[in-house]
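Below is one structure, written out as structure tokens; the observations come after it.
Chains as they are written, first to last, in the working numbering: chain A, 36 to 468; chain B, 36 to 468.
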């Protein structure tokens with residue numbers, strides 16, 4: 036019983052301007068190419084290159100883990116204000132690969148720098164030498180296996196040869212598929228909006244599946260815009276919006292060494308100059324960016340390993356957002372709640388358990404819980420209208436909404452997760468075989 | 036593939052004085068009786084009474100949840116220095132049952148008080164009236180269903196009629212079975228030791244299975260001694276020993292509304308007077324109590340829902356015990372580590388991931404990891420002796436030991452858990468049906 040992602044994706048996009056896969060198009064200043072570097076035993080695209088021919092301003096957020104992968108270490112050292120290329124590989128996380136893993140990235144960066152410099156010479160009026168400091172890496176896959184530097188290096192000429200400036204719209208789909216690991220579905224989202232009188236695009240792709248938890252776990256997200264926005268403002272935009280999107284999803288409470296969400300702006304659209312992050316002209320862009328990030332993160336959660344249901348947990352009327360978040364994640368990470376949802380069991384006792392263990396001060400007599408539109412708990416007691424059969428019927432649906440109301444304040448937080456199924460165990464008990 | 040608990044229980048008891056089930060005997064001042072109150076659809080003992088005819092000093096620790104069951108509320112209000120009876124029921128947690136749930140306990144306490152007072156009149160030279168304030172309750176089972184007061188009340192005469200002062204040794208086994216929910220096996224442990232020149236007994240039973248996490252989750256533990264020890268000293272003994280025993284186990288990171296571990300002393304053995312918890316005469320008792328509590332908690336973890344393997348995680352040479360504990364539980368609670376163990380996969384990358392996400396400051400270059408006696412990581416790198424095949428062979432065993440060495444200090448913590456299997460999902464996706 037796999038979740039019907041087609042229906043789901045339709046349902047989460049129907050109220051937004053987000054378009055379906057087929058609507059993604061060329062975005063000025065971004066070239067994408069993908070190829071197979073034979074990192075898996077079967078043929079599939081497993082390396083993806085994003086090339087910004089005139090450079091891109093950028094901002095990134097990374098995992099909060101105390102043991103980070105070599106590519107995250109590399110990215111944290113990048114000093115350049117503009118990025119020319121982002122290389123993503125799957126199958127190998129390049130984590131706990133030590134000096135060799137880091138050296139491997141250096142080799143790849145040098146190869147990319149040489150070959151891209153050559154490409155600029157061939158193609159451009161004003162070619163420039165590409166520096167290794169203008170290259171970012173994203174890796175995802177198994178931790179602790181030696182990094183396949185040679186295989187990836189060999190794939191670089193093919194990646195560069197495939198770069199085209201006006202691209203087939205399906206390239207976004209290919210890229211989104213090329214970065215997957217145990218994900219079942221590519222994750223793509225887009226919005227268009229105005230900055231002043233200029234229409235700009237925001238395109239994004241993501242991958243997730245296991246180890247998805249606040250601070251993003253083996254989640255990768257890459258968002259691109261043709262707007263002219265400084266790196267400084269991009270940083271503020273990303274920081275502002277990541278909190279309620281990628282940092283609001285959880286699949287299993289595990290966090291990876293490789294998380295990374297980046298935002299690139301190619302400045303190909305000459306929109307009005309923006310002085311600060313709070314510039315009124317950015318209002319529409321800010322909310323469109325939020326939509327793209329939220330859309331991608333929901334797709335990540337919905338496609339969490341083994342997921343058969345998508346679960347939205349809203350905790351409202353709390354004294355602080357922190358309290359709301361603690362409770363929302365306590366529910367989202369509870370194996371007992373998640374297995375009950377998998378079994379279609381409206382076992383609200385487990386929701387109570389998860390609220391209680393979050394250690395947030397609350398007044399049990401004010402507590403209210405709804406499952407879907409069904410009132411379960413009101414004023415700390417079972418609602419007189421509660422009907423178990425009706426609730427059990429609701430639990431058969433694919434999208435489950437849980438609402439917890441503390442009735443103590445005005446703050447809220449929404450987390451997104453999936454159910455916990457036998458399929459999750461199957462996938463993870465033999466991930467490497 | 037269920038864990039072979041017989042072998043396991045033998046292995047955890049072979050190095051201690053702990054005896055097997057058959058060795059448990061009569062403990063002076065404790066009478067036990069069990070019966071079927073028809074709380075389940077099939078016939079089984081589901082209520083258990085412990086009766087202390089001359090009263091017992093006692094100490095209890097309870098769940099840290101912010102939403103506690105009605106019986107925990109009741110117990111927290113008990114003021115009496117001596118306890119006459121402890122009534123345990125399964126199937127229903129009496130949590131989120133509101134005023135009716137609490138009233139139900141009052142009804143049961145009154146019935147018990149009347150019937151036990153009558154029994155004292157019939158049996159004893161110096162009968163005394165039993166107060167409701169001398170009665171404790173333990174409940175375990177589903178949260179949020181109305182408390183079956185009537186059914187339990189009806190079972191009380193039978194429970195009291197069955198009380199005998201010298202009991203069949205199998206009564207301990209019956210009691211341990213009568214408190215189970217989804218547990219597969221009863222959990223019993225015992226030690227004998229000296230206080231001064233007097234031999235005293237320590238007997239214990241426990242139940243657990245799901246929702247097992249620090250602060251004990253639907254874990255119930257009841258330990259009895261015939262020693263003469265004040266309630267004050269019992270409190271200190273329990274507090275001192277719970278930390279590395281019941282609070283060191285985790286099955287799924289979920290915590291219940293009903294956790295409770297209690298220690299009762301009947302004072303039937305006239306051992307030397309003890310002035311403080313630090314009295315030298317208590318040294319042997321203290322360590323015997325630790326053994327009983329550890330033994331019970333290991334049995335709870337080993338019998339965790341769906342367990343096929345028992346996992347011990349030792350984190351040593353940390354700057355603080357708190358750091359060690361954070362990492363130990365980060366590993367013990369990681370679904371990705373636990374599914375890898377279920378699959379017999381020595382996926383140490385996931386251990387790295389779990390160490391990293393614990394957010395403890397560490398020096399990656401000093402990190403060492405062993406699985407069993409196999410060195411996996413030394414000085415932050417894969418050990419030159421590491422052999423994946425050997426590790427995969429080790430992972431086939433039923434008892435898995437993971438050692439993490441930060442090489443930063445002298446503190447350590449050991450946590451106990453089990454693997455995460457499809458069986459866990461099966462049990463929890465339809466617990467109530």
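For glycine and all other residues, C-beta sits at the position ideal for the given N, C-alpha and C.
Roughly how many angstroms separate the alpha carbons of residue 262 of chain A and residue 412 of chain B, rounded to a whole number?
So the alpha carbons of these two residues sit roughly 47 Å apart.
Can you name, in chain order, every residue of its own chain whose Cβ lies under 6 Å from the Cβ of residue 243 of chain B, other than the five neighbours on each side?
Around residue 243 of chain B: 254 and 335.
Counting only Cβ-Cβ distances shorter than 9 Å, please list the residues of the segment 440-457 of chain B near chain A, keeping chain order.
Within the segment 440-457 of chain B, the residues whose Cβ lies closer than 9 Å to some Cβ of chain A are 454, 455, 456 and 457, listed in chain order.
Proximity winner among B:278, B:457, B:391 and B:430, relative to residue 130 of chain A (alpha-carbon distances):
Looking at the Cα atoms, B:391 is the closest of the given residues.
Measure from the C-beta of residue 399 of chain A to each C-beta in chain B and report whether the shortest distance is under 8 Å.
Yes, because at least one Cβ of chain B sits closer than 8 Å to the Cβ of residue 399 of chain A.
Which listed residue (A:271, A:352, A:301 and A:299) has its alpha carbon closest to that of residue 313 of chain A
Closest option to residue 313 of chain A, Cα to Cα, is A:271.
Chain-ordered residues of the segment 381-392 of chain A with a beta carbon less than 8 Å from chain B
If the cut-off is 8 Å between Cβ atoms, the segment 381-392 of chain A has 382, 383, 384, 385, 387, 388, 389, 390, 391 and 392 near chain B.
Given that residue 460 of chain A touches chain B, what residues does it touch there, using C-beta distances under 7 Å?
Residues of chain B passing the Cβ test: 374, 377, 455, 456, 457 and 460.
Name the residue from B:448, B:342, B:150 and B:260 whose alpha carbon lies nearest to the alpha carbon of residue 228 of chain B.
Nearest Cα to residue 228 of chain B within the set B:448, B:342, B:150 and B:260: B:260.
Provide the residue span of the beta strand (DSSP E) that contains residue 436 of chain A, from first to last.
Note, residue 436 of chain A: beta strand (DSSP E), 434-440.
Reducing DSSP to helix, strand and coil, say where residue 171 of chain B ends up.
Residue 171 of chain B sits in a strand when the DSSP states are folded into three classes.
Is residue 56 of chain B helix, strand or coil by DSSP?
Residue placement at residue 56 of chain B is flagged as unreliable, the pLDDT there being 49, under the threshold of 50; the coordinate-derived value follows with that caveat. Secondary structure at residue 56 of chain B: helix, using DSSP grouped into helix, strand and coil.
C-beta contact flag for residue 33 of chain A and residue 329 of chain A at 8 Å
In this structure chain A extends from 36 to 468, so residue 33 of chain A is not present and cannot be described.
Excluding the 5 residues preceding and the 5 following residue 407 of chain A in the sequence, name in chain order all residues of the same chain whose CB lies nearer than 6 Å to its CB.
For residue 407 of chain A, where only same-chain residues beyond five positions count, the Cβ hits under 6 Å are 429 and 436.
Going by DSSP, what residues sit across from residue 97 of chain A in a beta bridge?
Under DSSP, residue 97 of chain A takes part in a beta bridge, and its partners are A:295.
For residue 208 of chain B, which residues from the same chain have a beta carbon less than 8 Å from its beta carbon, with the 5 sequence-adjacent residues on both sides left out?
The answer, listed in chain order, is 56, 59, 221 and 223.
To the nearest angstrom, how far is it from the Cα of residue 462 of chain A to the Cα of residue 97 of chain A?
One C-alpha to the other measures close to 26 Å.
Look at the alpha carbon of residue 70 of chain A and the alpha carbon of residue 295 of chain B, and state the distance between them as a whole number of angstroms.
Spanning the two alpha carbons is a distance of roughly 58 Å.
Using a Cβ-Cβ cut-off of 6 Å (strictly less than) and excluding sequence neighbours within five positions of residue 360 of chain A, which residues of its own chain qualify?
So the list reads 448, once near-sequence residues are dropped.
Where does the unbroken beta strand (DSSP E) through residue 120 of chain A begin, and where does it stop?
In this chain, the beta strand (DSSP E) harbouring residue 120 of chain A covers 118-124.
List the residues of chain B whose Cβ lies closer than 7 Å to the Cβ of residue 131 of chain A, in chain order.
Residues of chain B passing the Cβ test: 384 and 387.
Between which two residues does the alpha helix (DSSP H) holding residue 428 of chain A run?
Here the alpha helix (DSSP H) through residue 428 of chain A covers 423-429.
Do the CB positions of residue 115 of chain A and residue 199 of chain A come within less than 8 Å of each other?
Not in contact: residue 115 of chain A and residue 199 of chain A (Cβ atoms no closer than 8 Å).
The segment 182-194 of chain A touching the segment 75-91 of chain A, judged by at least three CB pairs closer than 8 Å
In this structure the segment 182-194 of chain A lies against the segment 75-91 of chain A, because at least three pairs of beta carbons, one per stretch, are closer than 8 Å.
When the distance is taken between beta carbons, is residue 457 of chain A closer than 8 Å to residue 460 of chain B?
For the pair residue 460 of chain B and residue 457 of chain A, the CB atoms are nearer than the 8 Å cut-off.
Let me know the secondary structure DSSP gives residue 87 of chain A once reduced to three states.
The answer is strand: DSSP assigns residue 87 of chain A an E or B state.
Below 7 Å, is the gap between the Cβ of residue 416 of chain B and the nearest heavy atom of the ligand ZN?
As presented, the structure is devoid of all ligands, the ligand ZN included, so that no description of it is given.
Of all the residues that make up the segment 329-344 of chain B, which are near chain A by a beta-carbon distance shorter than 8 Å?
Listed in sequence order: no entries.
Can you round the beta-carbon distance between residue 297 of chain A and residue 92 of chain A to whole angstroms, since I take them to be within the 8 Å contact cut?
Contact doesn't hold; Cβ gap of about 11 Å is too wide.
Where residue 257 of chain A and residue 439 of chain A are concerned, what is the direct C-alpha to C-alpha distance, given to the nearest angstrom?
Cα to Cα, the separation comes out at about 32 Å.
Can you list, in chain order, the residues of its chain whose CB lies under 7 Å from that of residue 250 of chain A, leaving out five sequence neighbours each side?
Low confidence applies here, because residue 250 of chain A scores a pLDDT of 35, under 50, leaving its location unreliable; read the following figure in that light. Taken in chain order, the residues that qualify are 98, 99, 282, 290 and 294.
Here's the rule I'm using: 16 or more other beta-carbon atoms within 10 Å means buried, otherwise exposed. How should residue 86 of chain B be labelled?
Per the 10 Å Cβ criterion, buried.
State the DSSP-derived secondary structure class of residue 363 of chain A, mapped to helix, strand or coil.
Three-state DSSP puts residue 363 of chain A in a helix.
Residue 136 of chain B: which of B:106, B:125 and B:415 sits nearest, CA to CA?
The option with the nearest alpha carbon to residue 136 of chain B is B:106.
So within the segment 302-374 of chain B, which uninterrupted beta strand (DSSP E) runs reach at least 3 residues, ignoring any that extend past its ends?
Runs of the beta strand (DSSP E) inside the segment 302-374 of chain B: 345-353.
Within chain B, the residues that residue 292 of chain A reaches when beta carbons sit closer than 8 Å:
387, 388 and 391, listed in chain order.
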